[in-house]
Amino acid sequence: MKRAILLHPDPRLKKVAAPVADITDDLRKLGDEMLEAMYAAPGIGLAAPQVGVLDRLIVVDCVKEEGEAPRPIVMFNPQVVASSDEQNTYEEGCLSLPDLFADVTRPKVVDVTWMDRDGNAQSETFDGLWATCVQHEIDHLEGKLFIDYLKPLRRQMFTRKMVKLKRELARG
Ligand code: NI
């Protein structure tokens, strides 16, 4: 199944996602379909709420170098367990807000734990773009978007642009 990505504003993007207890075949398949949708977009991360599923599941692959092997990671119940004091600012975007970008400052290095598709506990330290991406995706599981870090006027401007885009798309 081709997974459609929800566009902001959508009430499902504001909800807190539920922890995954058992990794069923359906959830594994969802992870694969999310990776497919992410690569097709193209993007470097996608969270289950963005395809309308309120489970704590994200997929990421921040390999950007031409010719470098892809590194898809499927994370169930991802959690930031430690963050660096050092911060990093990246111009972030989101597949739920296409063509809109803004600088967001987050911890530069994060320790993240998650459960992989086989149910094994995993942990890794992410730095730079990977750290930003994982934090951005985990935010989605809390119903939080990158525009929530912006000043209200800027955020409202982004939302107005999205409302307009959605109206145009609905008209076809
Ligand atoms: Ni996003």
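Under our numbering, the first residue of the sequence shown carries the number 234, and numbering increases by one thereafter. Even for Gly, the Cβ is constructed at its ideal location relative to N, Cα and C. Note that the coordinates shown come from a computational prediction; the quantities given were computed from them, not determined experimentally.
Next item on the list: Could you say if the segment 272-282 and the segment 366-375 meet the contact criterion of at least three C-beta pairs nearer than 8 Å?
Entry: yes
Item checked: Proximity winner among M395, A250 and G405, relative to P311 (alpha-carbon distances) -> Locating residue 311 in the sequence shown gives position 78, where the first residue counts as 1. If we check each option's Cα against that of P311, A250 comes out closest.
Note to self: For the ligand NI, is there any heavy atom lying closer than 7 Å to the beta carbon of L290?
What the structure shows: Position 57 of the sequence shown, counting from 1, holds the residue named residue 290. Answer for L290: no, Cβ out of range of the ligand NI.
Next item on the list: Rank K248, K247 and Q283 by C-alpha distance to the C-alpha of L263 and give the top, closest one.
Entry: Here residue 263 refers to the residue found at position 30 when the sequence shown is read from its first residue. That would be Q283, whose Cα lies nearest to the Cα of L263.
Checklist line | V343 to G405 span [Cα, whole Å] | finding: For this step, residue 343 is matched to residue 110 along the sequence shown. For this step, residue 405 is matched to residue 172 along the sequence shown. When rounded, the distance between both Cα atoms is 42 Å.
Item checked: Simplified DSSP assignment, three categories, for R304 -> Locating residue 304 in the sequence shown gives position 71, where the first residue counts as 1. If DSSP states are grouped into helix, strand and coil, R304 belongs with coil.
Next item on the list: Could you name the residues whose beta carbon sits closer than 7 Å to any heavy atom belonging to the ligand NI, keeping them in chain order?
Entry: Close to the ligand NI, as judged by a C-beta nearer than 7 Å to any of its heavy atoms, are the residues G278, A280, Q283, C327, L328, S329, H369, E370, H373, L378 and F379, in chain order.
Next item on the list: Check whether the Cβ atoms of L260 and V253 lie closer than 8 Å to each other.
Entry: Counted from its first residue, the sequence shown places residue 260 at position 27. Counted from its first residue, the sequence shown places residue 253 at position 20. Against a cut-off of 8 Å, the Cβ pair of V253 and L260 comes out as a contact.
Item checked: Boundaries (first-last residue) of the beta strand (DSSP E) holding C327 -> Locating residue 327 in the sequence shown gives position 94, where the first residue counts as 1. Q320 to C327 is the extent of the beta strand (DSSP E) around C327.
Margin query: Could you pull the DSSP bridge partners for P340 from this structure?
Written below: The sequence position of residue 340 within the sequence shown is 107, counting from 1. According to DSSP, P340 bridges with Q320.
Margin query: For T365, report the span of its alpha helix (DSSP H) as first-last.
Written below: Along the sequence shown, one-based indexing puts residue 365 at 132. G361 to L374 is the span of the alpha helix (DSSP H), which, as asked, contains T365.
Check: In chain order, what residues of the same chain have a beta carbon less than 6 Å from the beta carbon of C327, not counting five sequence neighbours either side?
Finding: The residue labelled residue 327 in the question sits at position 94 within the sequence shown. Excluding residues within five positions, the ones whose Cβ falls inside 6 Å are F379.
Notebook entry, point to check: Given that a residue counts as buried once 16 or more other Cβ atoms are within 10 Å of its Cβ, and exposed if not, what is E319?
Noted result: Here residue 319 refers to the residue found at position 86 when the sequence shown is read from its first residue. So E319 counts as exposed.
Next item on the list: State the Cα-Cα distance for the pair R387 and T322, rounded to the nearest angstrom.
Entry: Indexing the sequence shown from 1 puts residue 387 at position 154. Indexing the sequence shown from 1 puts residue 322 at position 89. Approximately 17 Å between the Cα atoms of the pair.
Notebook entry, point to check: Which residues in the same chain as L240 place their Cβ atom closer than 6 Å to its Cβ, once the five residues preceding and following it in sequence are excluded?
Noted result: As a position in the sequence shown, residue 240 is number 7, starting the count at 1. S329 and K399, listed in sequence order.
Next item on the list: Could you check which residue in L333, E325, M308 and R339 has the C-alpha nearest to that of V345?
Entry: The residue you call residue 345 lines up with position 112 of the sequence shown. Here the closest residue by C-alpha is M308.
Note to self: Quick check on the DSSP output: the alpha helix (DSSP H) that includes L287 runs from which residue to which?
What the structure shows: Taking the first residue of the sequence shown as 1, we reach residue 287 at position 54. Run containing L287: none; DSSP gives neither H nor E here.
Notebook entry, point to check: For P311, which of helix, strand or coil comes out of DSSP?
Noted result: Taking the sequence shown and counting its residues from 1, the one referred to as residue 311 is at position 78. The answer is strand: DSSP assigns P311 an E or B state.
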